[in-house]
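Residue numbering for the sequence shown follows this note's numbering, starting at 247 and increasing by one per position. Using N, Cα and C, we set each Cβ at its ideal position, and we do this for glycine too. For reference, the structure is listed below as structure tokens.
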Amino acid sequence: MLNLMKFIPKNVKYPILRSMLALPMSLPKELHFEIATTEAQYLGAFRILQECYLEKGYASSNQSKIRMTPYHLIPTTTVLLAYWKNEIVGTVSLIRDNSLGLPMEKIFDLSDLRKKDGVLCEISSLAIKKEFRGQDGQLFFPFMRYMWNLSYHFLDIDYFVIAVNPSMYELYESIYLFETLKRKSVVSKYDFANNNPAVGQYIHLKSSFDKFDSVYRNNNIKSNFGYYMKNSTIFHEKFPLQEFFTQVYSPVRREWIPKLKHLLSEPYTKELSNKLARCFGYPSEEGMIMNPENHRYRYPVSFQILNYEGSKVVNISKTGIALKSTFPIPPEIPIFLTCKIGPEKKTTIVVEKVREDRQSGIIGMKIIKESESWNHLISSFQNEGNKHYDFDSESSLGFKSTG
Numbered sequence: 247m248l249n250l251m252k253f254i255p256k257n258v259k260y261p262i263l264r265s266m267l268a269l270p271m272s273l274p275k276e277l278h279f280e281i282a283t284t285e286a287q288y289l290g291a292f293r294i295l296q297e298c299y300l301e302k303g304y305a306s307s308n309q310s311k312i313r314m315t316p317y318h319l320i321p322t323t324t325v326l327l328a329y330w331k332n333e334i335v336g337t338v339s340l341i342r343d344n345s346l347g348l349p350m351e352k353i354f355d356l357s358d359l360r361k362k363d364g365v366l367c368e369i370s371s372l373a374i375k376k377e378f379r380g381q382d383g384q385l386f387f388p389f390m391r392y393m394w395n396l397s398y399h400f401l402d403i404d405y406f407v408i409a410v411n412p413s414m415y416e417l418y419e420s421i422y423l424f425e426t427l428k429r430k431s432v433v434s435k436y437d438f439a440n441n442n443p444a445v446g447q448y449i450h451l452k453s454s455f456d457k458f459d460s461v462y463r464n465n466n467i468k469s470n471f472g473y474y475m476k477n478s479t480i481f482h483e484k485f486p487l488q489e490f491f492t493q494v495y496s497p498v499r500r501e502w503i504p505k506l507k508h509l510l511s512e513p514y515t516k517e518l519s520n521k522l523a524r525c526f527g528y529p530s531e532e533g534m535i536m537n538p539e540n541h542r543y544r545y546p547v548s549f550q551i552l553n554y555e556g557s558k559v560v561n562i563s564k565t566g567i568a569l570k571s572t573f574p575i576p577p578e579i580p581i582f583l584t585c586k587i588g589p590e591k592k593t594t595i596v597v598e599k600v601r602e603d604r605q606s607g608i609i610g611m612k613i614i615k616e617s618e619s620w621n622h623l624i625s626s627f628q629n630e631g632n633k634h635y636d637f638d639s640e641s642s643l644g645f646k647s648t649g
């Protein structure tokens, strides 16, 4: 029957595929998901990735038997793991928009999405060990559910983008309701996947649950994807404890780069080394090595500004913030900002506008007066488990690098 499906029009075929779903409504006790937080977990994930990509022809063989890209060495990438007992059997990477751009942007045109107001994130480096594939998606579907909810509730992502093999694009289009990119959606050779063909797709994550409810509302419980994706009582997943709306969960430290750079899937050139350094807020690799405390890394956040409608803080540093606002903000005048900085937390700080980038709409603000809760927020980044996040040591108001 599946062979005949390719001859059926999508408007007939997709409802059939949706009705055929047999979603796993519980997890085996041996299976769990978590965020990679150690160097060993990273290397374990990338061994699985190389093994699976080599098998599928998406990568060439190498001596290290590891597939690691430069995007895995920046602090805005989150690597997720699927465990069977104590063995890593699957991985996927969430590559948030960053100063390197997104991997698929080297060949796909994302300009239409970039015109919209929102954070882009590429779903990348998905791999599941061969013996855990198939089985009616008993690992794939709950793993994707974990990724989806983590991204929606904790990472403040607006749009998912993905480059998939043509053999897989109908899965994402029919079940997950992805759309194909408006421009150049199909390429015959994608170098990130060993010159295999690829289809570019996207979905607005923030409205995805409503779309699922609309499309699947008449399905029975085993095939009701909307219920499956958002119902919190199906699985007891381990998500990060969230005191503040700080949207990056990555253990990557700048100290990892010298140790792991030889494992990268592309040459570690001077240009690449400088780009990686800029992701950590340094002007160059030399600056990172010579002056490790003199940097301008700004931590991505999603703090809503309660007293200025349509305004949002997008990143912060020790002495400044950057925000987007539809409200005109005059320069050199102290402004009181009341921000919601966590599920149960809000605070008021005094800031002053010092810079505005009209192209990006980002406004740079200097903090004139903090609050106790704001200082608690900043100090929390330096606690155990967050030491890899660094702040400008001087009065820095530079923006996150753009290349």
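Between the options, which lies nearest to residue i when the distance is taken from Cα to Cα?
{"i": "R264", "options": "N561, R463, K564, F490", "result": "R463"}
{"i": "K375", "options": "C298, I320, Q550", "result": "C298"}
{"i": "A267", "options": "C525, F386, P513", "result": "Correcting the residue type first, residue 267 is Leu in the shown sequence and not Ala. L267 has its Cα closest to that of F386, out of C525, F386, P513."}
{"i": "M271", "options": "P255, G383, P261", "result": "G383"}
{"i": "Y436", "options": "I467, F400, P349", "result": "P349"}
{"i": "V559", "options": "I341, G610, E618", "result": "G610"}
{"i": "Y554", "options": "T594, N520, E532", "result": "T594"}
{"i": "K717", "options": "V547, L417, G446", "result": "Beyond the ends of the chain as shown, which are 247 and 649, falls residue 717; an answer cannot be given."}
{"i": "K675", "options": "E489, S454, S496", "result": "Nothing about residue 675 can be read from this structure; the chain reaches only from 247 to 649."}
{"i": "H399", "options": "P261, F471, P589", "result": "P589"}
{"i": "Y418", "options": "D402, I369, N441, E377", "result": "I369"}
{"i": "E280", "options": "T492, N395, R499", "result": "N395"}
{"i": "E489", "options": "G336, H622, H318", "result": "H622"}
{"i": "K457", "options": "L346, S434, I421", "result": "I421"}
{"i": "S626", "options": "K564, S357, V432", "result": "K564"}
{"i": "K452", "options": "F406, L319, E276, N440", "result": "F406"}
{"i": "L269", "options": "P255, I467, V432, C367", "result": "I467"}
{"i": "E377", "options": "N442, E301, D355", "result": "E301"}
Tell me where the alpha helix (DSSP H) around residue i begins and ends.
{"i": "E532", "result": "531 to 536"}
{"i": "D402", "result": "Element bounds for D402: n/a, residue is neither H nor E."}
{"i": "I624", "result": "618 to 626"}
{"i": "L522", "result": "516 to 525"}
{"i": "D358", "result": "357 to 360"}
{"i": "L289", "result": "285 to 302"}
{"i": "D459", "result": "454 to 462"}
{"i": "P261", "result": "256 to 265"}
Could you check what DSSP says for residue i in three-state terms: helix, strand or coil?
{"i": "K375", "result": "coil"}
{"i": "F386", "result": "helix"}
{"i": "T492", "result": "strand"}
{"i": "E368", "result": "strand"}
{"i": "I353", "result": "coil"}
{"i": "N477", "result": "coil"}
{"i": "R342", "result": "strand"}
{"i": "V325", "result": "strand"}
{"i": "M271", "result": "coil"}
{"i": "F279", "result": "strand"}
{"i": "K507", "result": "helix"}
{"i": "H634", "result": "Because the pLDDT at H634 is just 43, under 50, the model does not fix this residue reliably, and the point stays unresolved."}
{"i": "Q447", "result": "strand"}
{"i": "A229", "result": "Examination of residue 229 is not possible in this model, given that the chain is present from 247 through 649 alone."}
{"i": "M314", "result": "strand"}
{"i": "I467", "result": "helix"}
{"i": "G380", "result": "coil"}
{"i": "G472", "result": "helix"}
{"i": "G649", "result": "Note that G649 scores a pLDDT of 29, beneath 50, so its modelled location is shaky; the value from the coordinates is reported in the next line. Looking at G649 - three-state DSSP - the assignment turns out to be coil, as it is neither helix nor strand."}
{"i": "G644", "result": "At G644 the pLDDT is 31, less than 50, meaning the model places this residue with poor confidence and gives no usable figure here."}
Would you grab the beta carbon distance between residue i and residue j for me? Rounded to a whole angstrom, and I think it's under 8 Å.
{"i": "C585", "j": "N344", "result": "C585 to N344, Cβ: 24 Å. No contact."}
{"i": "L401", "j": "R342", "result": "7 Å"}
{"i": "F491", "j": "I587", "result": "6 Å"}
{"i": "E333", "j": "Y392", "result": "Between Y392 and E333 the Cβ distance is about 17 Å, and since that is not below 8 Å, they are no contact."}
{"i": "V325", "j": "A291", "result": "5 Å"}
{"i": "M314", "j": "L506", "result": "7 Å"}
{"i": "I403", "j": "V365", "result": "5 Å"}
{"i": "Y448", "j": "E425", "result": "6 Å"}
{"i": "V335", "j": "Y329", "result": "7 Å"}
{"i": "S548", "j": "S557", "result": "Contact doesn't hold; Cβ gap of about 12 Å is too wide."}
{"i": "E602", "j": "K612", "result": "About 13 Å; that fails the 8 Å criterion."}
{"i": "L509", "j": "S306", "result": "About 14 Å separates the two Cβ atoms, so there is no contact after all."}
Tell me where the beta strand (DSSP E) around residue i begins and ends.
{"i": "S420", "result": "Per DSSP, S420 belongs to no beta strand (DSSP E); it is in the alpha helix (DSSP H), 415 to 420."}
{"i": "F549", "result": "545 to 551"}
{"i": "K612", "result": "608 to 615"}
{"i": "R604", "result": "From DSSP, R604 is part of no beta strand (DSSP E); its letter is neither H nor E."}
{"i": "V433", "result": "432 to 436"}
Taking the runs of the alpha helix (DSSP H) that are 4 residues or longer, which of them lie wholly in the segment 551 to 603? Unbroken alpha helix (DSSP H) runs of no fewer than 4 residues, entirely contained in the segment 551 to 603, are not found.
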